[in-house]
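See structure below.
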Amino acid sequence: MAAQVFAYIVHKNGVADDTALELVSAARNIFPDTSPTAIVTGSGTDLDGVCNDLAASFGEVWKFDHEALAYPNAEAIRKLLMAVLPADAVVLFPHDTFGMDLAPGLSIKLNSVFVSDAAGFEGLDGNNLKVIRQEYSGQVSTHLMADISAGAVINVRPGIFQPDESRSAGGQVVDKSSKIGDLSVGRRFLEVVEAEAGDVDITKEDILVSVGRGIEDQDNIEIAEELAEAVGGVVSCSRPIVDAKWLEKPRQVGTSGQTVKPKVYMALGISGSFQHMGGIKGNPYIIAVNKNLKAPIFQIADVGVVEDLLDFVPVLTEKIQEGK
Amino acid sequence: MEILVCVKRVPDTAENEIEVNRDGSDIERDDLVYSVNEWDNYAVEEAIQIVDKVGGAVTVVSLGDEDSEEIVRREMAMGANNGILVSDDAFEGSDGKGVAAILKTVAEKGSYDLILTGAQADDGAGQIGGMLAAMLDLPYASVVNSIEVVSDSQLKVGREIEGGNQELNEIGLPCVLSIQTGINEPRYVGIRGIRKVASVDIPIWGAADLGLDASNVGQSAAGVKRVDYFVPEFGEGAEILEGSDEEIAEKLIDLLKAKGGIK
Numbered sequence: 528m529a530a531q532v533f534a535y536i537v538h539k540n541g542v543a544d545d546t547a548l549e550l551v552s553a554a555r556n557i558f559p560d561t562s563p564t565a566i567v568t569g570s571g572t573d574l575d576g577v578c579n580d581l582a583a584s585f586g587e588v589w590k591f592d593h594e595a596l597a598y599p600n601a602e603a604i605r606k607l608l609m610a611v612l613p614a615d616a617v618v619l620f621p622h623d624t625f626g627m628d629l630a631p632g633l634s635i636k637l638n639s640v641f642v643s644d645a646a647g648f649e650g651l652d653g654n655n656l657k658v659i660r661q662e663y664s665g666q667v668s669t670h671l672m673a674d675i676s677a678g679a680v681i682n683v684r685p686g687i688f689q690p691d692e693s694r695s696a697g698g699q700v701v702d703k704s705s706k707i708g709d710l711s712v713g714r715r716f717l718e719v720v721e722a723e724a725g726d727v728d729i730t731k732e733d734i735l736v737s738v739g740r741g742i743e744d745q746d747n748i749e750i751a752e753e754l755a756e757a758v759g760g761v762v763s764c765s766r767p768i769v770d771a772k773w774l775e776k777p778r779q780v781g782t783s784g785q786t787v788k789p790k791v792y793m794a795l796g797i798s799g800s801f802q803h804m805g806g807i808k809g810n811p812y813i814i815a816v817n818k819n820l821k822a823p824i825f826q827i828a829d830v831g832v833v834e835d836l837l838d839f840v841p842v843l844t845e846k847i848q849e850g851k
Numbered sequence: 002m003e004i005l006v007c008v009k010r011v012p013d014t015a016e017n018e019i020e021v022n023r024d025g026s027d028i029e030r031d032d033l034v035y036s037v038n039e040w041d042n043y044a045v046e047e048a049i050q051i052v053d054k055v056g057g058a059v060t061v062v063s064l065g066d067e068d069s070e071e072i073v074r075r076e077m078a079m080g081a082n083n084g085i086l087v088s089d090d091a092f093e094g095s096d097g098k099g100v101a102a103i104l105k106t107v108a109e110k111g112s113y114d115l116i117l118t119g120a121q122a123d124d125g126a127g128q129i130g131g132m133l134a135a136m137l138d139l140p141y142a143s144v145v146n147s148i149e150v151v152s153d154s155q156l157k158v159g160r161e162i163e164g165g166n167q168e169l170n171e172i173g174l175p176c177v178l179s180i181q182t183g184i185n186e187p188r189y190v191g192i193r194g195i196r197k198v199a200s201v202d203i204p205i206w207g208a209a210d211l212g213l214d215a216s217n218v219g220q221s222a223a224g225v226k227r228v229d230y231f232v233p234e235f236g237e238g239a240e241i242l243e244g245s246d247e248e249i250a251e252k253l254i255d256l257l258k259a260k261g262g263i264k
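Quick mapping for you: the protein sequence lines, in order, are chains A and B.
Positions 528 to 851 (the working numbering) are the ones given, in order, by the first sequence.
Positions 2 to 264 (the working numbering) are the ones given, in order, by the second sequence.
The structure is reproduced here in structure tokens:
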């Protein structure tokens, strides 16, 4: 089957997101010979830079330039895509907060299947695409079969596919702005409120002692603080700790928090969801302490301790203090 | 404001180790602790807080088997005014679209100004809210972490976007929002609260009650079908340290020193 494959390009300040070239690899994982078409929406000169840069990696780059697209509004872009995509299109988005906003509804309007947060593809059998996903916070994986005969909208997990750096497609930029029709929306973008800075900047620390749900209670945070003090690091955390208001938002590591690049990352009672791990860059040495051996963190960490952190960490802290 | 909140009963991943069953057809469901999906619980709390401010009523609906009644009742104990259980053998095996199609008929049986879902549930797909909005032709915002009622016809909503930033939008009513955790602090539900609603009648609606053609939902209509569950073969994974806590601590200190983990 020769469905046309499209990749929606997330970009900012004139630069395409890392996911742009990951989607090329993802597309070739589904259709080995495909040269996908990039869809780039935006406004002004930034847009041309992004498009020109992508041309080498895509069969074609479709440019949509309109002032109403200056900030990516999922509703407006959905209207645009409904007008320009062929009926059996396979459309890939990164599974980020924009892809989550747009893609499920788009699949309804295109009357095609939707696959969320795909972490791998295992080939096409006729019109049936075999997809790998993770469920239950990454504790188990599942194979899905998606019937793509009427097209598909697929959100691809960022960071899974190696970016295609070959720049071998030799495509060209096609200005499709004249195809833009009605972009009126029921949801109007106002502004982005930047995250507040905290009392410490965890993005600049070499040693992070990071706590997750396994800390169980706000009073136990001091167990992590004592360890952090003993090793000369600072305390960071995963999302549930911020949701519970036990630590401030600037301490949160993850795609919806800070991106950190320490030398050593100690994950205490953290399951290791991809949203959390997505905030850790630079390949640090990762130590995991978790009482659940099935926690995905043990697949990623360098060294693991299968223990309740509330029992183990005080012992570790005491030993470190003794040695000083 | 009339608010519909869609809630799901899920295995509590904070309380359970999720394992694949012997033939890979499902997760091992014996002895699992179930609860209301965490994101949905925040959505119910948010709905209650909105109604407390501007008036109206909160209706909670859950699609599932008869056991889902317990979470509907729990959310009513929190303060939701009405509860509905949507249950029918014909709904089993529905994919995201099937679930959204069923919920659409529930939404259309009422007259709601606002429909809330959790941003995601146990399968992590985060798809129902967006699909439901598109089917109802209503505006939608995902991963919402703040809601301010501006007027009878408009909300100001914050979306949690990358890097801990927040995207503010104006959105017209009626609309559909998917709620992110952390938007509020869900209230505690005690035994007394549960007792108060113990005898409240919760209607059960099936395909016929909703005017749904059973061939349009369930396994046969699903464009996305589950093949199996499995545990992926990763590389080597972490080296697991063995021994007493003291022995492990000493090994770990050596490793920390070697890797620059102790200043």
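Positions of the beta carbon are idealized from the N, C-alpha and C atoms, including for glycine.
**Contacting positions in the segment 733-746 of chain A - beta carbon closer than 9 Å to chain B** = Cβ contacts with chain B come from D733, I734, R740.
**Message:** I want to see whether chain A comes within less than 8 Å of A250 (chain B), judged by CB atoms only; does it?
**Reply:** If you number the second sequence from 1, residue 250 (chain B) lands on position 249. Yes - at least one Cβ of chain A is within 8 Å of the one on A250 (chain B).
**Request:** Along the alpha helix (DSSP H) that carries Q908 (chain A), what are the first and last residues, could you check?
**Result:** Here chain A covers residues 528 to 851 and nothing more, so residue 908 (chain A) does not appear.
**Message:** Let me check understanding here. Comparing Cα to Cα, which of B:A44, B:S26, B:M79, B:E16 lies closest to V198 (chain B)?
**Reply:** Start at 1 with the first residue of the second sequence, and residue 198 (chain B) comes out as number 197. Closest by C-alpha distance to V198 (chain B), out of B:A44, B:S26, B:M79, B:E16, is B:M79.
**Message:** By alpha-carbon positions, which one of A:D835, A:T568, A:A547, A:Q848 ends up nearest to P685 (chain A)?
**Reply:** Within the first sequence, numbered from 1, the residue matching residue 685 (chain A) stands at position 158. If you compare the alpha carbons of A:D835, A:T568, A:A547, A:Q848 with that of P685 (chain A), the shortest gap goes to A:A547.
**Prompt:** Quick one: is V700 (chain A) near chain B, going by C-beta distance under 8 Å?
**Reply:** For this step, residue 700 (chain A) is matched to residue 173 along the first sequence. For V700 (chain A), the answer is no, since every Cβ of chain B falls outside 8 Å of its Cβ.
**Request:** Specify the secondary structure class of P767 (chain A) as computed by DSSP and reduced to three states.
**Result:** Residue 767 (chain A) sits at position 240 when you count from the first residue of the first sequence. Taken through DSSP and simplified to helix, strand or coil, P767 (chain A) comes out as helix.
**Message:** If we define contact as Cβ-Cβ less than 8 Å, is E161 (chain B) a contact residue for chain A?
**Reply:** In the second sequence, residue 161 (chain B) corresponds to position 160, counting from 1. The beta carbon of E161 (chain B) sits closer than 8 Å to some beta carbon of chain A.
**Prompt:** Which residue or residues does DSSP assign as beta-bridge partners of V719 (chain A)?
**Reply:** Taking the first residue of the first sequence as position 1, residue 719 (chain A) is located at position 192. B:E168, per the DSSP bridge assignment.
**Asked** Whose C-alpha, out of A:M672, A:V712, A:N638, A:G713, is nearest the C-alpha of R227 (chain B)?
**Response** Taking the second sequence and counting its residues from 1, the one referred to as residue 227 (chain B) is at position 226. Selection A:M672, A:V712, A:N638, A:G713 evaluated against R227 (chain B) yields A:M672 as nearest (Cα-Cα).
**Asked** If we call anything under 8 Å between Cβ atoms a contact, is L242 (chain B) one with V177 (chain B)?
**Response** One-based indexing of the second sequence puts residue 242 (chain B) at position 241. One-based indexing of the second sequence puts residue 177 (chain B) at position 176. In this structure, L242 (chain B) lies away from V177 (chain B), with their beta-carbon atoms at least 8 Å apart.
**Prompt:** What's the call for D41 (chain B), buried or exposed, on a 16-neighbour Cβ count within 10 Å?
**Reply:** Taking the second sequence and counting its residues from 1, one reaches residue 41 (chain B) at position 40. Counting the other Cβ atoms within 10 Å of the Cβ of D41 (chain B) gives 16 or more, which makes it buried.
**Message:** Less than 8 Å between the beta carbons of P789 (chain A) and L735 (chain A), yes or no?
**Reply:** By one-based count along the first sequence, residue 789 (chain A) stands at place 262. By one-based count along the first sequence, residue 735 (chain A) stands at place 208. In this structure, L735 (chain A) lies closer than 8 Å to P789 (chain A) by Cβ.
**Item:** CA-to-CA distance, A646 (chain A) to K539 (chain A), given in whole angstroms
**Value:** Numbered from its first residue, the first sequence carries residue 539 (chain A) at position 12. Numbered from its first residue, the first sequence carries residue 646 (chain A) at position 119. Their backbone Cα atoms lie some 24 Å apart in a straight line.
**Asked** Does any CB atom of chain C fall closer than 8 Å to the CB of I687 (chain A)?
**Response** In the structure shown, chain C does not exist; the protein chains are A and B.
**Message:** I'd like the list of long-range same chain contacts for K772 (chain A), defined as Cβ closer than 8 Å, with 5 residues on each side in sequence excluded.
**Reply:** Translated into the one-based positions of the first sequence, residue 772 (chain A) becomes position 245. Beyond the five residues adjoining it in sequence on each side, K772 (chain A) comes within less than 8 Å, by CB distance, of no other residue in the same chain.
**Prompt:** Is I103 (chain B) closer than 8 Å to V218 (chain B) when the C-beta atoms are compared?
**Reply:** Here residue 218 (chain B) refers to the residue found at position 217 when the second sequence is read from its first residue. Here residue 103 (chain B) refers to the residue found at position 102 when the second sequence is read from its first residue. Their beta carbons are under 8 Å apart, which means V218 (chain B) touches I103 (chain B) by this criterion.
**Request:** Please determine, among A:A828, A:G809, A:E662, A:K808, the residue with the shortest C-alpha to C-alpha distance to I797 (chain A).
**Result:** Counting from 1 along the first sequence, the entry for residue 797 (chain A) is found at position 270. Ranking A:A828, A:G809, A:E662, A:K808 by CA distance to the CA of I797 (chain A) puts A:A828 first.
**Prompt:** Helix or strand or just coil, what does DSSP make of S69 (chain B)?
**Reply:** As a working note, residue 69 (chain B) is residue 68 in the second sequence. Residue state, collapsed to three classes: helix.
**Message:** Let me check understanding here. Comparing Cα to Cα, which of B:A250, B:D66, B:G165 lies closest to I85 (chain B)?
**Reply:** Numbered from its first residue, the second sequence carries residue 85 (chain B) at position 84. Selected option, being the one with the closest Cα: B:D66.
**Message:** If contact is defined by three or more beta carbon pairs under 8 Å, each pair taking one atom from either stretch, is the segment 156-168 of chain B in contact with the segment 703-711 of chain A?
**Reply:** No: fewer than three Cβ pairs fall under 8 Å.
**Request:** Determine which residues share a DSSP beta bridge with Q661 (chain A) and list them.
**Result:** Reading the first sequence from its first residue, position 134 is the one you call residue 661 (chain A). Beta-bridge analysis with DSSP links Q661 (chain A) to A:S668.
**Prompt:** Can P767 (chain A) and G739 (chain A) be called in contact, C-beta distance under 8 Å?
**Reply:** Your numbering for residue 767 (chain A) matches position 240 in the first sequence. Your numbering for residue 739 (chain A) matches position 212 in the first sequence. Contact: yes.
**Message:** Counting only Cβ pairs nearer than 8 Å, list the residues of chain A close to T14 (chain B).
**Reply:** Translated into the one-based positions of the second sequence, residue 14 (chain B) becomes position 13. Scanning chain A for C-beta atoms nearer than 8 Å to the C-beta of T14 (chain B) yields Y663, S664, Q666, S798, reported in chain order.
**Prompt:** Is E649 (chain A) helix, strand or coil when you go by DSSP?
**Reply:** What you label residue 649 (chain A) is simply residue 122 of the first sequence in a count that begins at 1. Strand at E649 (chain A).
**Prompt:** Who are the neighbours of L253 (chain B) on chain A, taking C-beta pairs under 8 Å?
**Reply:** If you number the second sequence from 1, residue 253 (chain B) lands on position 252. What L253 (chain B) touches in chain A: I814, V830, V832, L843.
**Request:** Could you tell me the boundaries of the beta strand (DSSP E) in which K226 (chain B) lies?
**Result:** Taking the first residue of the second sequence as position 1, residue 226 (chain B) is located at position 225. Per DSSP, K226 (chain B) belongs to the beta strand (DSSP E) from 225-231.
**Message:** Quick check: the Cα distance between M528 (chain A) and R660 (chain A), rounded to an integer number of angstroms?
**Reply:** The residue labelled residue 528 (chain A) in the question sits at position 1 within the first sequence. The residue labelled residue 660 (chain A) in the question sits at position 133 within the first sequence. Residue placement at M528 (chain A) is poorly supported in this model, since its pLDDT is 49, which falls under 50; the coordinates still yield a value, given next. Looking at the two C-alpha atoms, the distance is approximately 23 Å.
**Request:** Could you pull the start and end residues of the alpha helix (DSSP H) that P12 (chain B) belongs to?
**Result:** On the second sequence, residue 12 (chain B) is found 11 positions in, with the first residue counted as 1. It is not in any alpha helix (DSSP H) - P12 (chain B) instead sits in the beta strand (DSSP E) that spans 10-12.
**Prompt:** So which residues of chain A does E18 (chain B) contact, with C-beta pairs closer than 9 Å?
**Reply:** The sequence position of residue 18 (chain B) within the second sequence is 17, counting from 1. Within 9 Å Cβ-Cβ: Q666, N819, L820, K821, A822.
**Prompt:** Near N83 (chain B), which residues of its chain fall below 6 Å by C-beta distance, leaving aside the five closest residues on each side in sequence?
**Reply:** Counting from one through the second sequence, the residue named residue 83 (chain B) turns up at place 82. Correct list, in chain order: T60.
**Asked** So, G94 (chain B) versus E3 (chain B), is the Cβ gap smaller than 8 Å?
**Response** Indexing the second sequence from 1 puts residue 94 (chain B) at position 93. Indexing the second sequence from 1 puts residue 3 (chain B) at position 2. Result no, Cβ atoms of G94 (chain B) and E3 (chain B) do not sit closer than 8 Å.
**Request:** Taking only beta carbons into account, state which residues of the segment 622-637 of chain A come closer than 9 Å to chain B, listed in chain order.
**Result:** Using a CB distance below 9 Å, the part of the segment 622-637 of chain A facing chain B consists of H622, D623, T624, F625, M627, D628, L629, A630, P631, G632, L633, S634, I635, K636, ordered along the chain.
**Request:** Step through the CB atoms of chain B and report whether any lies within less than 8 Å of the CB of H538 (chain A).
**Result:** Working through the first sequence from its first residue, we reach residue 538 (chain A) at position 11. By this cut-off, H538 (chain A) is not an interface position.
**Request:** Could you check the C-alpha separation between L629 (chain A) and A209 (chain B) for me, to the nearest Å?
**Result:** Within the first sequence, numbered from 1, the residue matching residue 629 (chain A) stands at position 102. Within the second sequence, numbered from 1, the residue matching residue 209 (chain B) stands at position 208. Using only the alpha carbons, I get a separation of about 32 Å.
**Message:** To the nearest angstrom, how far is the alpha carbon of F839 (chain A) from that of K821 (chain A)?
**Reply:** Position 312 of the first sequence, counted from the first residue, corresponds to residue 839 (chain A). Position 294 of the first sequence, counted from the first residue, corresponds to residue 821 (chain A). When rounded, the distance between both Cα atoms is 18 Å.
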